[in-house]
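Visitor: Input: one structure, supplied below.
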Amino acid sequence: MSAPATTRSPQALRHHYEVEKELAARLRASTREERTALFGRLYGELFERVPDHPRHTRKGSDQARERGVRAQMRLVGQVLKPGDVLVEFAPGDGWLSNAAAATAAEVIGIDISDQRDLSKPLPPNVRHVVYDGYHVDLPDACADVVFSYQFLEHLHPDDVPAHFELARRLLKPGGCYVFDTPHRYSGPHDISRFFTDSLDCFHFQEWTHREMRRVLAAHGFSTTWVFRMGRVQKGIFNLLVDALELLLLPLPHKLRRALCGRIFPSVALVAVRDS
């Protein structure tokens, strides 16, 4: 998740940064086989060693969480139609899955552990599947829409191709992968941002729109549309976004980050699976 403005002390921030940097280095150096077990274990260690981690302290009210869900629904709702099957990667507490169930015929949440908010009743058309980060027991072409929010940046760089291949396998031809991930120009978006311009912690990669489009095209998603101003933008608007990124590229990092905090907080795209 993106790092917000903070009231934490400099000492607390430094402790968080050093712990997460240490754990991220272990994950970055791991093999694919090791990551199956290591990912969840290292996050657990982070939350244990950093007692004031925002995961503990920034639970937020139900109203705040509902606002977040509405914002995500505005994104996925651009392509989700009544009767569709929605697959959500990393659903977390499951609030978005539950909200989408009012439209979708079925919602399938896929995560490395079950983190659902058990205080909320589970709609009958929602189910959750725990997977190892690579393989999931679902049939090919079972989904009309795949969705993830603030998830892709946490993937190990070696696992990004496998993730998009999995998303492509699950989608029907012409189906859409809808996602939001932090934009590189306004980052780093994790705890690294308080100490360095590099990604030292659990955000392993952040992308521009142009960079993400290239990744998507390499994995069977050659048509992409940007989500801006509250709706999916097709056609020339995408060229304008790419051109603006090119214009901003030569700027010094700190100036570019300051300018892009509002212009490019994230990369929000709809990627269409090739037939």
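Going by my numbering, the sequence shown opens with residue 296, and the numbers climb by one from there.
For every residue, glycine included, the Cβ atom is placed at its ideal position computed from N, Cα and C.
Please state whether DSSP places Phe334 in a helix, a strand or coil.
Guide: Three-state result, Phe334: helix.
Visitor: Using only the alpha-carbon positions, how far apart do Pro346 and Ile531 sit?
Guide: Taking the straight line from one Cα to the other gives about 47 angstroms.
Visitor: Using a threshold of 8 angstroms, state whether the C-beta atoms of Ala385 and Phe474 are closer than that.
Guide: No, these two residues do not count as a Cβ contact at 8 angstroms.
Visitor: Can you tell me which of the three DSSP states Arg552 falls into?
Guide: The answer is helix: DSSP assigns Arg552 an H, G or I state.
Visitor: Quick one: grab the DSSP three-state call for Glu343.
Guide: In this structure, Glu343 counts as helix in the three-state DSSP scheme.
Visitor: CA-CA distance, Glu315 and Arg360?
Guide: Straight-line Cα distance between these residues: approximately 25 angstroms.
Visitor: Provide the residue span of the alpha helix (DSSP H) that contains Asp262, from first to last.
Guide: Residue coverage of the chain in this structure runs from 296 to 570, which leaves residue 262 outside it and unanswerable.
Visitor: Distance, Cα to Cα, Leu535 vs His451?
Guide: Leu535 and His451: Cα-Cα distance of roughly 30 angstroms.
Visitor: Drop a sphere of 10 angstroms on the beta-carbon of Val425, count the other beta-carbons inside from all chains shown, and report buried for 16 or more, exposed for fewer.
Guide: Label assigned to Val425: exposed.
Visitor: Report yes if the C-beta distance between Phe459 and His498 is below 8 angstroms; otherwise report no.
Guide: No, Cβ-Cβ distance for Phe459 and His498 is not below 8 angstroms.
Visitor: Output the boundary residues of the beta strand (DSSP E) element that contains Arg422.
Guide: Start and end: Val421 to Val425.
Visitor: Counting only runs of 3+ residues fully inside the region 358-427, write out the beta strand (DSSP E) ranges in chain order.
Guide: As far as the region 358-427 is concerned, its whole beta strand (DSSP E) runs of at least 3 residues are 380-384, 401-406 and 421-425.
Visitor: Arg523 lies in the alpha helix (DSSP H); which residues open and close that run?
Guide: No alpha helix (DSSP H) holds Arg523; the beta strand (DSSP E) holding it covers Thr518 to Arg523.
Visitor: What separation, rounded to the nearest whole angstrom, lies between the Cα atoms of Leu337 and Arg568?
Guide: For Leu337 and Arg568, the distance between alpha carbons rounds to 33 angstroms.
Visitor: Round the Cβ separation of His504 and Asp453 to the nearest angstrom and send it over; I've been treating them as touching at under 8 angstroms.
Guide: In fact, because the Cβ distance is near 23 angstroms, the residues do not count as touching under 8 angstroms.
Visitor: Pull up the DSSP beta-bridge partners for Asp475, would you.
Guide: Bridge partners of Asp475: Tyr444 and Ala563.
Visitor: Comparing alpha-carbon positions, which option in Lys415, Asp412 and Ile403 lies nearest Leu433?
Guide: Considering only alpha carbons, the answer is Ile403.
Visitor: Would you mind stating whether Val441 and Val382 have Cβ atoms separated by less than 8 angstroms?
Guide: Cβ atoms of Val441 and Val382: closer than 8 angstroms.
Visitor: Could you spell out where the beta strand (DSSP E) holding Gln500 opens and where it closes?
Guide: Looking at the DSSP string, Gln500 is not in any beta strand (DSSP E), and its letter there is neither H nor E.
Visitor: With three or more beta-carbon pairs closer than 8 angstroms as the criterion, would you say the region 467-485 touches the region 553-569?
Guide: They touch, by the three-pair rule.
Visitor: Could you compute how far the alpha carbon of Pro468 sits from the alpha carbon of Leu461?
Guide: So the two alpha carbons sit approximately 13 angstroms from each other.
Visitor: Smallest Cα separation from His348: which of Gln358, Arg309 and Phe334?
Guide: Selected option, being the one with the closest Cα: Arg309.
Visitor: Check Leu461 in the structure and name its three-state DSSP category.
Guide: In the structure shown, Leu461 sits in a helix (DSSP, three-state: H, G or I).
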